[in-house]
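Structure, as structure tokens:
Number of protein chains: 2
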Amino acid sequence: MIFFDKVAILGTGLLGASFAFALKEKKLAGKISAWSRSPSTREKCKARGDIFDAVCETPWEAVKDADLVLICTPTSTIARLLAQVSKSLKKGALVSDVGSVKGSVCRDCSKIMENTGASFIGSHPMAGSEKIGIDYADSSLFTGRPCFVVAEKNENKLGQKVLGELWKNLGMKVFFANPDMHDSIVAHVSHLPHLLAVVLCAQSSEFSGGDLRDYSGPGFADTTRVASGSPEMWDSICADNKIQILSALKDFSADLQKLISALENSDTEYVGQILRKAKNYRDALGNAK
Amino acid sequence: MIFFDKVAILGTGLLGASFAFALKEKKLAGKISAWSRSPSTREKCKARGDIFDAVCETPWEAVKDADLVLICTPTSTIARLLAQVSKSLKKGALVSDVGSVKGSVCRDCSKIMENTGASFIGSHPMAGSEKIGIDYADSSLFTGRPCFVVAEKNENKLGQKVLGELWKNLGMKVFFANPDMHDSIVAHVSHLPHLLAVVLCAQSSEFSGGDLRDYSGPGFADTTRVASGSPEMWDSICADNKIQILSALKDFSADLQKLISALENSDTEYVGQILRKAKNYRDALGNAK
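This is the structure:
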């Protein structure tokens, strides 16, 4: 079923390109136009004429006549890019993004959309990878992963519904949330684990008793894997979701202090309890990949 | 090549049973005798007569005439078990263990071995799994994993060499270390990541905005996987390696505070630097499984 006659994708990195691959594979879009800031990425898109019907030099050319525009650039650039293309949008067009932080993005983008006849609803498909770029694009990237559709509760309900159905058709588990709740959830489920892995790796790199990696097993490898993520992307996430991230980090730090005190005082009851609580929680998650 | 005519394995959980499977598969041992505290585990061993030549009701029966005794029980029980079997050991027998903490174990066991004619050298094959018990035993468990052979530098050099060769023949990368250095290394590479995952899971279980697991992706799953480990085993590790673990936790906590301060002060230079340092470190580890 074709959801949109024309879809424009701004930014064809891992997510944007995978989205295009998936749309064409599942026949959910008629034509796909694309724009990328990078000339070499544009060349790679042109080489995939089976996926991209048009590859444009500017974002405003790409969005022309598009029914859906998906902005797949770093969070800090989304609103600026939307402002650049806002006058070129088709009346009634739906615009979304794939940024991992939503508070400022949804606020800024909704404001830009005022009086344009088009509308913005945020998306956050949680389907990244530490591998970035179109070279790793994969139409199955979204399968089985969670996706947030993010807007204030009563904002453009039809737009929310259509977007939710689209992501479901790509195999995603869709959740609806307002921007603040979304940002708190991802701070805890994604940004906090990431920064813990980062601090762990940075600390390990300074260990004085030899290269710890020589002695590491699958536990260390798994626990730290996300630290391979793009520093530029995470710089931006840290800035954009600063308040929620700080709140999660401080909660974690306080709980870590409690564990340190418990160990110092040989409080085996506390230690046993937290070990069991964590195991019960993690066991029920299974080996989700 | 048969290394030992008779090997006794005390404790046939995941590690002990996998060791037996691997020895027989690689023809490194003549006969294998086994003891387990649990009657049902002993029954499972008896059902594998191709692996276990004798399954004994008591540990002292199992070690009789054995050239190598491998103690595969929780760290806190190793010295006690060794004391129970010390009078039944063959003269010249080599005793080792698979405990993940070595300071107290090596000290206590070396003392017990005085004047017995047998000797103790610690081992720590880093090849556990969150799956425990003989049902998950796997002869390839050790392949490609690190293994410590642990003793004071000049202690029974021949014993250290033989043990190192044995683990190498099971496919392990062997490292020699004294007990304190070993305990510091594993505190950083294994115990610290484990406890961070535990605190993260315990904190996540109390999140007020819904079940975070619904929204979790492979990052959260990987970062927390080790928290499924056995609480009993980790209770024991926390007690046995308390000093080194506290040192690693406090270092981590201090580094976490630095990151919190940097985020609060929008110190993008610090944040960018730690993200890049962590990425460089983790990238070089690869996808070791």
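Protein chains in written order, with my numbering: chain Y, 3 to 291; chain F, 3 to 291. Glycine included, every Cβ here is placed at the ideal spot set by N, Cα and C. Predicted, not measured: the structure shown is a model, and the values here were computed from it.
Rounded separation between residue i and residue j - CA only
i                 : j                : result
glycine 135/F     : threonine 14/F   : 8 Å
serine 20/Y       : serine 141/Y     : 5 Å
alanine 22/F      : tyrosine 138/F   : 13 Å
lysine 104/Y      : aspartate 242/Y  : 9 Å
alanine 120/Y     : lysine 113/Y     : 11 Å
lysine 291/F      : proline 148/F    : Unreliable positioning characterises lysine 291/F in this predicted model, as indicated by a pLDDT of 43, which lies under 50. A coordinate reading is not provided.
arginine 294/Y    : proline 61/Y     : It is not possible to answer for residue 294/Y, since the shown part of chain Y is limited to 3 through 291.
alanine 286/Y     : serine 42/Y      : 44 Å
aspartate 257/Y   : leucine 194/Y    : 13 Å
proline 181/Y     : methionine 128/F : 44 Å
tyrosine 217/Y    : isoleucine 187/F : 8 Å
phenylalanine 6/F : glycine 94/F     : 12 Å
leucine 143/F     : leucine 25/F     : 12 Å
serine 40/Y       : histidine 190/F  : 41 Å
serine 192/F      : glycine 161/F    : 26 Å
serine 125/Y      : serine 78/Y      : 15 Å
aspartate 253/F   : aspartate 237/Y  : 23 Å
aspartate 99/F    : proline 76/Y     : 51 Å
leucine 172/Y     : lysine 28/Y      : 8 Å
arginine 44/Y     : threonine 145/Y  : 26 Å
methionine 235/F  : lysine 281/Y     : 12 Å
lysine 48/Y       : serine 35/Y      : 10 Å
lysine 92/Y       : leucine 83/Y     : 16 Å
glycine 212/F     : glycine 221/F    : 19 Å
lysine 175/Y      : leucine 168/Y    : 11 Å
proline 233/F     : tyrosine 272/Y   : 12 Å
isoleucine 296/Y  : valine 107/Y     : Residue 296/Y lies beyond the residue range present for chain Y, which begins at 3 and ends at 291; the question has no answer from this structure.
aspartate 309/F   : threonine 118/F  : An answer regarding residue 309/F cannot be provided, because it is not within the stretch 3 to 291 covered by chain F.
serine 255/Y      : glycine 166/F    : 40 Å
glutamine 246/F   : serine 206/F     : 26 Å
serine 268/F      : leucine 12/F     : 56 Å
arginine 109/F    : isoleucine 262/Y : 26 Å
From the options, residue whose alpha carbon lies closest to that of residue i
i                   : options                                   : result
alanine 179/Y       : Leu160/Y, Lys155/Y and Pro195/Y           : Lys155/Y
tyrosine 283/F      : Ile73/Y, Pro181/Y and Thr226/Y            : Thr226/Y
asparagine 158/F    : Gly18/F, Gly130/F, Val97/F and Val87/F    : Val97/F
lysine 260/F        : Pro127/Y, Asp269/Y, Leu248/Y and Gly274/Y : Leu248/Y
lysine 170/Y        : Ile187/Y, Arg39/Y, Ser78/Y and Val151/Y   : Val151/Y
valine 164/F        : Ala189/F, Ala129/F, Phe122/F and Cys203/F : Phe122/F
leucine 70/Y        : Asn117/Y, Lys8/Y and Ala81/Y              : Lys8/Y
phenylalanine 177/F : Ile245/Y, Leu214/Y and Ser207/Y           : Leu214/Y
isoleucine 73/Y     : Arg44/Y, Leu17/Y, Lys48/Y and Lys46/Y     : Leu17/Y
glycine 288/F       : Asp269/Y, Gly219/Y and Val87/Y            : Gly219/Y
lysine 244/F        : Ser207/F, Asp185/F, Gly231/F and Glu266/F : Asp185/F
alanine 264/Y       : Gly161/F, Leu251/F, Asp182/F and Glu266/F : Leu251/F
glycine 293/F       : Leu12/F, Asn267/F, Ile80/F and Phe54/F    : Residue 293/F is absent from the model: chain F starts at 3 and stops at 291.
glycine 274/F       : Gly231/Y, Asp110/Y, Ser210/Y and Gln275/Y : Gly231/Y
serine 90/F         : Met183/F, Asp67/F, Val57/F and Met174/F   : Asp67/F
glutamate 116/Y     : Gln246/Y, Gly101/Y, Leu168/Y and Ala85/Y  : Ala85/Y
cysteine 203/F      : Asn267/Y, Thr270/Y and Lys279/Y           : Lys279/Y
serine 131/Y        : Ala229/Y, Ile4/Y, Asn267/Y and Cys240/Y   : Ala229/Y
threonine 270/F     : Glu271/Y, Tyr272/Y and Cys240/Y           : Cys240/Y
glutamate 208/Y     : Ile276/F, Gly166/F and Ser38/F            : Ile276/F
methionine 3/F      : Val107/F, Val65/F and Leu30/F             : Leu30/F
alanine 64/F        : Asp52/F, Lys46/F and Trp37/F              : Trp37/F
cysteine 111/Y      : Ala56/Y, Ser88/Y and Lys46/Y              : Ser88/Y
alanine 10/Y        : Ala56/Y, Lys46/Y and Gly166/Y             : Ala56/Y
serine 102/F        : Met183/F, Ser210/F and Cys58/F            : Met183/F
Boundaries (first-last residue) of the beta strand (DSSP E) holding residue i
i                   : result
phenylalanine 254/Y : Looking at the DSSP string, phenylalanine 254/Y is not in any beta strand (DSSP E); the run it does join, the alpha helix (DSSP H), is 244-266.
valine 152/Y        : 148-152
isoleucine 11/Y     : 6-12
serine 299/Y        : Past the edges of chain Y, shown from 3 to 291, lies residue 299/Y, and the structure says nothing about it.
lysine 33/Y         : 31-37
alanine 56/F        : 56-58
Enclosing alpha helix (DSSP H) for residue i [first to last residue]
i              : result
valine 273/Y   : 270-285
aspartate 65/F : The question names aspartate, but residue 65/F in the sequence shown is valine. Residues 61-65.
alanine 139/F  : Neither: alanine 139/F is in no alpha helix (DSSP H) and is coded neither H nor E.
alanine 19/Y   : 16-27
alanine 223/F  : 220-226
lysine 46/Y    : 41-48
Residue i CB to nearest heavy atom of the ligand NAD below 7 Å
i             : result
alanine 250/Y : Inclusion of the ligand NAD in the displayed structure is not the case, the ligand content being empty and no account of it being possible.
Any beta strand (DSSP E) of 3 or more consecutive residues that is wholly inside the segment 165-195 of chain Y:
175-179
_Whether or not the segment 221-235 of chain Y and the segment 195-214 of chain F are in contact is what I'm after, with contact meaning three or more pairs of Cβ atoms, one per stretch, closer than 8 Å; do they touch?_
yes
| message | Going residue by residue through the segment 71-119 of chain F, where are the continuous alpha helix (DSSP H) segments of at least 4 residues, counting only ones entirely within it? | response | 77-87 and 105-115
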